[in-house]
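The structure appears right after this line, and notes come after that.
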Amino acid sequence: MKRLLVFILALALVAPSFAKAEEPPIGTMPYPIDKEITETTDLVGYALSKQNVTREDAHTSRETIDNLIKRSCSGIIAPHFVQCWEDPYYFPRFVKRVTNDLSRNWNDPRNGLGIYNILLSSEVRTGYLAGGFPAYIPTMQVDEKDPIGSALREMHKFEPLGGARMITKSTIILTIGSKEVIVNGQKKEMSVEAAIIKGSTFLPLRSLSEIFGFELVYKKPDIKLSKGNLVVEMTLDKPGYTVNGEKKTSSTSPTLYKGSVVVPVRMFTESIGIMDVNYNAQTKQFTIRYDDIDTVIKKSVDQLKDVPLKLQRLVAEYMLSHLYAAKYQKLALRKLPKGRFNDLYNLGRYQFLSERDYQNKEFVDMLNKTFPEDATQLQDDIAHDFDFNDLYCGGMPLVMSTIKMKQFLNEPRDEGKKDDQGRELLGPIMNITKYKFELETPFGFFAFNGGQDDNTYDGNKYFAIVDYNGDDTYTGPAGGTLPGRPAASIIDWKGSDKYTSTKDDPCSQGFGMLGYGFVTDHEGNDTYKSYDNSQGGCFFGIGLLWDESGNDSFSGRNMNQGAASFGVGNLVNIGGNDSYYCFQVGQAFGFSGGCGVLVDTDGDDKYVGEPGKSNSKDNLINPATGGHDNNRNYSFVQGAGWGRRGDMSDGHGWGGGVGALVDVTGNDWYECGVYGQATGYWYGTGILNDLEGDDHYEGSFFVQSGTAHMGLTELVDDKGNDTYKVWKAISQGGAHDFSVSWFIDKEGNDNYLCYEEENGQKTSGGVLIGAAITNSLGLHIDMAGDDKYELVNSSTLGYCLMRTGAVPDNYRYEEWTLGLMIDRGGNDTYTRTLEPNVPEGWPVPANNSVWREVTQPGNPAKSLGFGLDVEKGIVPEAQW
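The numbering of the sequence shown is the working numbering, which starts it at 313 and goes up by one.
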């Protein structure tokens, strides 16, 4: 089976050969730093000056950048990428613009627009701007006298992509053993009688299709029923069926009876969404009911006679904003070929899988049958044809109506009188605890519950929920999109709630799979537990999870906790000591065309991207066997950007997205396997900014601003005494293959521990702490404090290795490789154990000293490995 996306994470390039050139200096340098460096000395500039170059020289050339992007990204590239790649010294300024925006604008006490602010900031990172001025975002117009009824009528006119719940005007009564059927009081005759076969009641399929208005195509043994966007497929004498491509189980099957195709009554009604089927054993009659639209609306409106008109109008506006989003979803996907929505939805559902998934033969067989043959081409086409502006434009009214509903719940007041100048005065407090109602729409049910009960909501039933109080439980795809349900939302105001979903649910908990999924939870210690695709994520959509207080727990497997693929995925958690757990591609992850954001404002938090080494039988599900760490998982978490590498497969390459994790305050713990904590791959951008606290970081390979294959990354820790632990290699400002990695710790007494200890032996790879190989720039900056460095590899602490391929004609020969380590201030301690056969004179880093480290230079003029420990000076890139 062809996989839609393949991990191609090889570290090695073609074995290099090198030009004969003057060897650059290595070892401790006798530069008079006490005279040359003052309080205002630019330390990066100082290091470059020793190579007789400046920032304007030491970077990848625009010609190479343009050539690489043209052949590798198919035109899909993050908007900032070229500028920050060509000017890597601007990148830290860009990072701080991003993280300042996120760390400050979630809190908007004057206007309450935090949700809007973070969404707007995220959409800009994908290269688009729609809804940029709140005053111009459309407000849903509702009927003043009949707000709910008119809103429902508008919604019932709409036919969503991927299939809709079928609403007909039918009440059908039939009797076992008789051909007669009564449809809405009128007698008709079927081709054969209703019959009991092997204990189940069967009806003639052609007669049923005519009664319910389906088009029937029968090509023995295949049966296809279609009406609008609803497609049901069955096979003669074979249990099970599909609804819009999704497999359903059934113990019975269609068969032939007296020359006619007959189908089990339960199988048929369930396949088209009818649940109201009753059997009278005395009369041997089945009654099948499905209310017509007018009846559905009347039932809904009849519940509301005691509900204040102000609340009705708010609910109507809220529902219509979902309809508005659905209309713009259609516009965004207008170039998607007809009938392909469910194919694309399934591609999103299974976009990121683990190696262990592929060891499950039954699962792989299902994928082979589910995935279309043109899976890669289908996604590549829509990646270029998708209208992001329509997507974002469609989501803004839903954001604003969510904010408006939250403001009402915060202070529920009825309509107020107007003063002499026509200004509305505050109305009386509304007791919303006595109002509870459900409204049926084509997207599913809307529920409002103002009481204090502990409610359970099945996400398969409800597309939108507003719950005021109680410790509630949300199950299944609650807060997630489905075919036929382009927008879904939850607003939970009070209570400690549980959100649970399983692998049977395509997405949940604020996930927009080709649509819009929003969850806002205002208060309580909440638990979010899921499988894949949840907790603020998207696939060609917008996903938001906004939790405003409490000590919360988030757990899932893949594509969770601020994860975006072609769109925006936001998880914003305000206050509390919180825990985040996933396996891979989560916790601020951005795939191509996507911006994944995780903002945590307060508390001592724990972020874990399951490494997999502990209890490997259960936890090692995606081992990093590409030469990285066989005992740990590939992670891509905690500020990770990833693109699709096509040069080693089908050529369809896409530049990576943006993953940005911002933790504002607290003593936090970060843990992952391979690729994490500000990491990038294939034109991806990874950002992690912890603003305050004594923090602990640990990971294996390509972590803590460790990057490979055209990535841009930065880890910046503003305050605190921090510990950074790396088990393997290319981390802490380590870069490989045209990547740029910045590591900046601004203050505190920090520990850098770069090794793994087993059986009393400490081992590690290299390219650590301001180290670069293969035309990259790796920079490690520590601006203050008494710091400790412990390493067991020579290719660390300001190390450079240019690997070029054939010389001197290879274009890599003319491109820079720069490894730079700067520690400013403090009484620092270095312990570095060297492996055998290091070059003679290899430096011994020490407090208040300068050293150079370059091995096997391809082009000595463009290879610089430099270490600098000084008491004075500035680094402009660390001042943002």
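Cβ coordinates follow ideal geometry from the N, Cα and C atoms, glycine included.
Would you report the Cα separation of residue 1141 and residue 1181, rounded to the nearest angstrom? Whole-angstrom Cα-Cα distance: 10 Å.
Taking all protein chains shown into account, decide if residue 445 is buried (16 or more other Cβ within 10 angstroms of its Cβ) or exposed. Classification of residue 445: exposed, given that the 10 Å Cβ count is below 16.
Which parts of the segment 393 to 430 are runs of the alpha helix (DSSP H), unbroken and 4 residues or longer, counting only runs that do not cross its ends? Taking only runs of at least 4 residues, the alpha helix (DSSP H) segments lying wholly in the segment 393 to 430 are 393 to 398 and 403 to 417.
Member of 1072, 989 and 1076 whose CA lies at the smallest distance from the CA of residue 1055: Answer by Cα proximity: 989.
Mind checking residue 1179: buried by the 16 CB within 10 Å criterion, or exposed? The residue is buried, with at least 16 neighbouring Cβ atoms inside 10 Å.
Can you tell me which of the three DSSP states residue 624 falls into? Helix.
Just to confirm the assignment: which complete beta strand (DSSP E) runs, minimum length 3, are found wholly within the segment 893 to 959? Runs found: 896 to 898, 906 to 912, 918 to 921, 941 to 949 and 952 to 954.
Look at the alpha carbon of residue 996 and the alpha carbon of residue 404, and state the distance between them as a whole number of angstroms. When rounded, the distance between both Cα atoms is 15 Å.
Identify which residue in 700, 1000, 1148 and 385 has its Cα closest to the Cα of residue 851. Put simply, of 700, 1000, 1148 and 385 the residue whose alpha carbon is nearest the alpha carbon of residue 851 is 700.
Where does residue 655 sit, in a helix, a strand or coil, going by DSSP? If DSSP states are grouped into helix, strand and coil, residue 655 belongs with the helices.
Which same chain residues end up closer than 7 Å to residue 910 when comparing Cβ atoms and leaving out the 5 residues on each side of it in sequence? Contacts found: 873, 874, 883, 899, 900 and 973.
Could I get the ranges of all uninterrupted beta strand (DSSP E) runs contained in the segment 732 to 793, with 3 residues as the minimum, in chain order? Fully enclosed beta strand (DSSP E) runs of 3 or longer: 748 to 753, 756 to 761, 768 to 770, 774 to 779 and 785 to 787.
When you compare the CB positions of residue 1031 and residue 1004, do they come within less than 8 Å of one another, or not? Going by beta carbons, residue 1031 and residue 1004 fall inside the 8 Å limit.
Minimum length 4: unbroken alpha helix (DSSP H) runs contained in the segment 656 to 722: Counting only runs of 4 or more, we get 673 to 682, 687 to 697 and 700 to 722.
Reference residue 650, options 632, 543 and 593, closest by Cα: Among 632, 543 and 593, the Cα nearest to that of residue 650 is on 543.
Expressed to the nearest angstrom, what Euclidean distance is found between the alpha-carbon atoms of residue 346 and residue 1161? Straight-line Cα distance between these residues: approximately 10 Å.
So the alpha helix (DSSP H) residue 287 belongs to, where does it begin and stop? With the chain covering only 313 through 1192, there is no way to say anything about residue 287.
Residue burial classification, residue 447 (beta-carbon count within 10 angstroms, cutoff 16): Around the beta-carbon of residue 447, fewer than 16 other beta-carbon atoms lie within 10 Å, marking it exposed.
Can you give me the Cβ contacts of residue 840 inside the same chain, cut-off strictly under 6 Å, excluding the 5 residues immediately before and after it? Cβ neighbours of residue 840 beyond the five flanking positions: 811, 821, 847 and 866.
Please report the distance separating the alpha-carbon of residue 1027 from that of residue 1175. For residue 1027 and residue 1175, the distance between alpha carbons rounds to 24 Å.
Give me the residue from 877, 1155, 1158 and 1189 with the minimum Cα distance to residue 969. Per the C-alpha coordinates, the member of 877, 1155, 1158 and 1189 positioned closest to residue 969 is 877.
Any beta strand (DSSP E) of 3 or more consecutive residues that is wholly inside the segment 1021 to 1073: Counting only runs of 3 or more, we get 1024 to 1029, 1035 to 1038, 1046 to 1048, 1052 to 1057, 1063 to 1066 and 1068 to 1070.
Straight-line CA distance for residue 429 to residue 421? Residue 429 and residue 421 have their C-alpha atoms roughly 12 Å apart.
Going straight from the alpha carbon of residue 953 to that of residue 1015, what length do you get? Approximately 12 Å between the Cα atoms of the pair.
For residue 745, which residues in the same chain have their Cβ closer than 6 Å to its Cβ, ignoring the five residues on either side in sequence? Only residues of its own chain outside the window of five on either side were considered, and among them 762 and 763 have a CB closer than 6 Å to the CB of residue 745, listed in chain order.
Could you pull out every residue in the same chain whose Cβ sits closer than 6 Å to the Cβ of residue 1008, ignoring the five residues on either side in sequence? So the qualifying residues of the chain are 981 and 1035.
Alpha carbon of residue 364 to alpha carbon of residue 1192, nearest angstrom: As the crow flies, the alpha-carbon of residue 364 is around 26 Å from that of residue 1192.
Pick helix, strand or coil for residue 526, following the three-state DSSP scheme. Three-state result, residue 526: coil.
Pull up the distance between the alpha-carbon of residue 648 and that of residue 691, whole angstroms please. Here the alpha carbons of residue 691 and residue 648 stand approximately 10 Å from one another.
Look at the Cβ atom of residue 838, then the Cβ atom of residue 809, and state whether they are nearer than 8 Å. For residue 838 and residue 809, yes; Cβs fall inside 8 Å.
Please specify which runs of the beta strand (DSSP E), each continuous and at least 3 residues long, are wholly inside the segment 964 to 1008, giving them in chain order. If we require 3 residues or more, the beta strand (DSSP E) runs fully inside the segment 964 to 1008 come out as 970 to 975, 981 to 983, 986 to 988, 991 to 993 and 997 to 1002.
Is residue 1051 near the ligand ZN, with its Cβ less than 7 Å from a heavy atom? Ligands displayed in this structure: none; no statement on the ligand ZN is therefore possible.
Among the residues of its own chain, which have a CB less than 6 Å from the CB of residue 519, if the five just before and after it don't count? Setting aside the 5 residues that flank it on each side, residue 519 is surrounded in the same chain by 502 and 503, each with a C-beta closer than 6 Å to its C-beta; the list follows chain order.
I want to know whether the segment 603 to 620 touches the segment 667 to 681 - three or more CB-CB distances under 8 Å. Touching, no.
So, with DSSP's three-state summary, where would you put residue 599? In the structure shown, residue 599 sits in a strand (DSSP, three-state: E or B).
Through-space distance from residue 964 to residue 671, alpha-carbon basis: When rounded, the distance between both Cα atoms is 26 Å.
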